[in-house]
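Here's the structure we're looking at; comments come further down.
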Amino acid sequence: MLIDTHCHLDFSAFDPDRGQVIRRALEAGINYFINIGATLESSAASYELAQKHPEIYATVGLHPHDADTFDSSSADKLRQMASGKKVVAIGETGLDYYRNLSGKENQKQAFLKQIALAKELNLPVVVHCRQAEEETLQILKAALPLQAVVHCFSGDESFLQECLGCGFFISFTCNITYPARVSNSRRDPASGNKMVQRDKKASTLRDMVKLTPLDKLMLETDAPYLSPEGFRGKRNEPLQIKLLAEEVSRIKGVSFEEIADRTTQNAKEFFNLKE
Ligand SMILES: [Zn+2]
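Everything in the sequence shown is counted per my numbering, starting at 27 for the first residue and increasing by one.
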């Protein structure tokens, strides 16, 4: 059994065949889906999906990309939705200084208010962090004790150790399956020969998987985004979490079954899933 701890099945990319996507995953042994709210609208859609499908749970929150739309009524609306059945976390929320689609100050304010809401409701937080590690940590540390998962982990070892030190869970996506790209576009100035350079990003992510203890690791597709190697450029779907679990089992040198069991146990504990 596997759990996709972060997907966006409410997105329009799944409008034509949402039911089939869910069925395909269920038939392949993916038993639960955590559908993540990214805006107020998608949080409402996420909530609706959870009411309709026994295997779907919802989170409600506002992505840092949309933090500019977070106003004085947003926290109340999220609070109202969060009190409904099968809402298991607040998020995704956090800081994204890579794309900066919303102002930094607004991102921080929306993040702080959603953390406060999570603490008030005794719910965990799904954190999105991209190129904002220092400020994300500052905010999270000031909110301790706090239950949080750093989703689609993309940081370095020092960020990883800090997060683990706070007791947070770390969630990896299918981008860990990307090979370390080799580029030979640069030439050695002395010999004129092409120089082979490895793109460190994918191999570094695999190192982070290696360093994350099995009792703190969760798996997610972030579907429809981030399809695994072999499917890049295509829509991702929860079924693909099997490929991710296979890659994690290779990296960690433990069986697929153990990865499936441990990550499922972690997700059930973190999201407090009740069967
Ligand atoms: Zn997401």
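Cβ atoms here follow ideal geometry from the backbone N, Cα and C, with glycine treated the same way.
With hydrogens ignored, establish whether the beta-carbon of H34 is closer than 7 Å to any heavy atom of ligand 1.
In the sequence shown, the residue the question calls residue 34 occupies position 8. Yes, Cβ of H34 sits closer than 7 Å to a heavy atom of ligand 1.
How would you write the range of the beta strand (DSSP E) that D122 sits in, first residue to last?
In the sequence shown, the residue the question calls residue 122 occupies position 96. Secondary structure note for D122: its beta strand (DSSP E) is the uninterrupted segment 113–122.
Classify L270 as helix, strand or coil using the three-state DSSP reduction.
Along the sequence shown, read from residue 1 onward, the residue named residue 270 stands at position 244. Three-state result, L270: helix.
For the beta strand (DSSP E) containing L190, list its first residue and its last residue.
Looking up residue 190 in the sequence shown gives position 164. Careful: L190 lies outside any beta strand (DSSP E), inside the alpha helix (DSSP H) at 183–191.
Just to check my reading of the structure: D94 and G129 have Cβ atoms closer than 8 Å, yes? What is that Cβ distance to the nearest angstrom?
Here residue 94 refers to the residue found at position 68 when the sequence shown is read from its first residue. Here residue 129 refers to the residue found at position 103 when the sequence shown is read from its first residue. About 6 Å; that satisfies the 8 Å criterion.
Considering only their Cβ atoms, is the gap separating G120 from V153 smaller than 8 Å?
Working through the sequence shown from its first residue, we reach residue 153 at position 127. Working through the sequence shown from its first residue, we reach residue 120 at position 94. Yes; because the gap between Cβ atoms is below 8 Å, this pair is in contact.
Short check: CB of N201 to CB of L243, under 8 Å?
In the sequence shown, residue 201 corresponds to position 175, counting from 1. In the sequence shown, residue 243 corresponds to position 217, counting from 1. Contact flag unset, no.
For L251 and D233, what's the separation of their Cα atoms in angstroms?
Walking along the sequence shown from the start, residue 251 turns up at place 225. Walking along the sequence shown from the start, residue 233 turns up at place 207. Residue identity check: residue 251 is Tyr in the sequence provided, not Leu. Those two C-alpha atoms are separated by around 22 Å.
State the DSSP-derived secondary structure class of D92, mapped to helix, strand or coil.
For the purposes of this step, residue 92 is identified with residue 66 of the sequence shown, where counting begins at 1. Helix.
Where do the ends of the alpha helix (DSSP H) carrying S72 lie?
The count along the sequence shown starts at 1 and reaches residue 72 at position 46. Start and end: 66–78.
Determine, using beta carbons only, whether V114 and N298 come nearer to each other than 8 Å.
For the purposes of this step, residue 114 is taken as the residue at position 88 of the sequence shown. For the purposes of this step, residue 298 is taken as the residue at position 272 of the sequence shown. Going by C-beta atoms, V114 is nearer than 8 Å to N298.
Any chance you could list the alpha helix (DSSP H) runs of at least 4 consecutive residues sitting entirely within the segment 30–54, in chain order?
44–53
Cα-Cα, which of S217, D248, G259, P239 is closest to S275?
Numbered from its first residue, the sequence shown carries residue 275 at position 249. Considering only alpha carbons, the answer is P239.
Report yes if the C-beta distance between L163 and K145 is below 8 Å; otherwise report no.
For the purposes of this step, residue 163 is identified with residue 137 of the sequence shown, where counting begins at 1. For the purposes of this step, residue 145 is identified with residue 119 of the sequence shown, where counting begins at 1. It is not a contact, given that the beta carbons lie outside the stated cut-off.
At which residues does the alpha helix (DSSP H) containing T290 begin and terminate?
Along the sequence shown, read from residue 1 onward, the residue named residue 290 stands at position 264. Residues 282–296.
Buried or exposed: where does Y124 fall if 16 or more other Cβ atoms within 10 Å of its Cβ makes it buried?
Locating residue 124 in the sequence shown gives position 98, counting from the first residue. The residue is exposed, with fewer than 16 neighbouring Cβ atoms inside 10 Å.
Does the beta carbon of D30 fall short of 7 Å from some heavy atom of ligand 1?
Residue numbering aside, residue 30 sits at position 4 when the sequence shown is read from its first letter. D30: no, Cβ never under 7 Å from ligand 1.
Would you identify the three-state DSSP class for S197, choosing helix, strand or coil?
What you label residue 197 is simply residue 171 of the sequence shown in a count that begins at 1. In this structure, S197 counts as strand in the three-state DSSP scheme.
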